[in-house]
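Here the sequence shown is numbered in this note's numbering, starting from 2 and rising by one per residue.
See below for the structure under consideration.
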Amino acid sequence: MTPVALSFGGNLGEPVETIQKAIEYLRRKGILHQLIVSSFYRTAPWGGASGDEYINAVVVGNTSFTPDQILVVTQRLETRAGRVRTGEQYAPRPLDIDILTFGWLIVESDSLTLPHPRLRERRFVLEPFCEIAPEWAIPPDMVSVKTLVQHCDDPLPVVKWNG
Numbered sequence: 002m003t004p005v006a007l008s009f010g011g012n013l014g015e016p017v018e019t020i021q022k023a024i025e026y027l028r029r030k031g032i033l034h035q036l037i038v039s040s041f042y043r044t045a046p047w048g049g050a051s052g053d054e055y056i057n058a059v060v061v062g063n064t065s066f067t068p069d070q071i072l073v074v075t076q077r078l079e080t081r082a083g084r085v086r087t088g089e090q091y092a093p094r095p096l097d098i099d100i101l102t103f104g105w106l107i108v109e110s111d112s113l114t115l116p117h118p119r120l121r122e123r124r125f126v127l128e129p130f131c132e133i134a135p136e137w138a139i140p141p142d143m144v145s146v147k148t149l150v151q152h153c154d155d156p157l158p159v160v161k162w163n164g
């Protein structure tokens with residue numbers, strides 16, 4: 002089993018329900034084991050995009066799947082939730098799932114980069130990640146998530162969702 006961290010987000014439809022269903026699917030199908038799920042957080046769209054606030058969460062767990070297998074499954078979940086890939090990088094979406102880290106692998110391919118290339122820049126990912134795994138070490142320098150939060154320059158406020 003390999004430790005894996007995934008981020009979930011969405012701002013179209015019912016994002017809390019959509020994220021919960023996606024997480025439950027990954028658990029029920031045996032793709033992720035020993036899951037720890039963060040609280041849900043609200044944030045404005047990142048990267049200057051327009052649209053409704055996003056709901057975000059992070060999940061850590063263990064898997065026997067490969068990174069490419071996880072990617073295929075998560076992209077199918079996004080499509081089933083109604084995500085249409087328009088090529089616009091920060092377009093509104095019902096569901097977005099990113100693989101943040103996969104063990105201590107470093108991968109750079111056309112389809113996948115690990116750890117996630119913008120993980121260190123995004124407070125909306127780091128805050129929920131830190132809630133559940135503050136000492137998780139991020140390759141290649143193995144800096145803890147807690148340290149990354151402390152040094153994150155992202156100005157967007159991240160607020161716990163109280164739904």
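For glycine and all other residues, C-beta sits at the position ideal for the given N, C-alpha and C.
In this text, all values refer to a predicted model and were calculated from it rather than measured experimentally.
Checking the DSSP bridge columns, you'll see Ser8 partnered with Val59, Asp99. Distances from the CA of Val160 to each of Leu33, Gly10, Val74, Arg43 were compared; the closest alpha carbon is that of Arg43. The DSSP-derived three-state label of Lys22 is helix. Excluding residues up to 5 positions away in sequence, Asn12, Arg43, Thr44, Ala45 lie with their Cβ nearer than 7 Å to the Cβ of Glu54 in the same chain. Around Leu149, the same chain offers Arg121, Leu127 as residues with beta carbons nearer than 6 Å, after the five sequence neighbours per side are excluded. Following the DSSP letters along the chain, one finds Thr44 in no alpha helix (DSSP H) but inside the beta strand (DSSP E) bounded by residues 42 to 44. According to DSSP, residue pairing for Ala138 in a beta bridge involves Ser145. Cβ contact annotation for Trp162 (same chain, cutoff 8 Å, sequence separation greater than five): Val17, Ser40, Phe41, Tyr42, Arg43, Ile56, in chain order. The shortest C-alpha to C-alpha distance from Pro129 to any of Gly31, Ser8, Thr3 is the one to Ser8.
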